[in-house]
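Notes for the one structure printed next.
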């Protein structure tokens with residue numbers, strides 16, 4: 062085998078390894094995505110480029126206020142970008158156009174949401190539940206643009222396995 066042939070074999074092997082590594086990173090570590098819709102305004106806007114950290118929730122559980130990418134419980138082919146509002150074992154209560162949390166000890170407090178635009182209120186459509194108990198391994202997610210978001214107010218808390226990863230905003 063000539064040295065030129067060995068050189069090309071090495072180059073091909075390096076290219077294959079690069080594509081395998083890039084594919085692994087893309088599907089299992091850090092995935093690029095575009096925001097679709099206005100449900101996260103003013104935090105994220107339609108067509109914003111984001112990266113989704115898919116490894117972080119292997120290390121620790123999602124936390125309140127994390128912006129996450131999740132699989133829609135109603136349409137598995139649809140990816141949602143929402144904020145985690147409620148954690149397993151808590152209750153989410155909607156009263157007086159505000160969000161309240163009741164923890165497992167029964168303590169209740171208003172959820173302070175500094176990321177919401179000033180004057181933004183949480184509204185309800187007729188027939189929506191006013192209180193949700195969040196089961197074990199489930200999370201309550203909502204869009205920041207409350208009037209234009211289909212979220213856990215409609216489909217209820219989502220299972221942790223539907224949470225793809227933590228959204229990293231790209232400026």
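Numbering (the numbering used here), first residue to last: 62 to 232.
Using N, Cα and C, we set each Cβ at its ideal position, and we do this for glycine too.
Under DSSP, residue 210 forms no beta bridge with any residue. In this model, residue 73 and residue 79 are separated by some 10 Å (Cα to Cα).
Taking the Cβ atoms as the reference, residue 94 lies roughly 5 Å from residue 111, within the contact range of under 8 Å. By the beta-carbon neighbour count (other beta carbons within 10 angstroms, threshold 16), residue 175 is exposed. Per DSSP, the beta bridge partners of residue 162 are 153 and 170.
The bridge partners DSSP lists for residue 228 are 113. Taking 8 Å as the cut-off, the beta carbon of residue 129 is found closer than this to the beta carbon of residue 224.
The shortest CA-to-CA distance from residue 146 to any of 227, 122, 201 and 209 is the one to 201.
For residue 216 and residue 197, the gap between their C-alpha atoms comes out near 16 Å.
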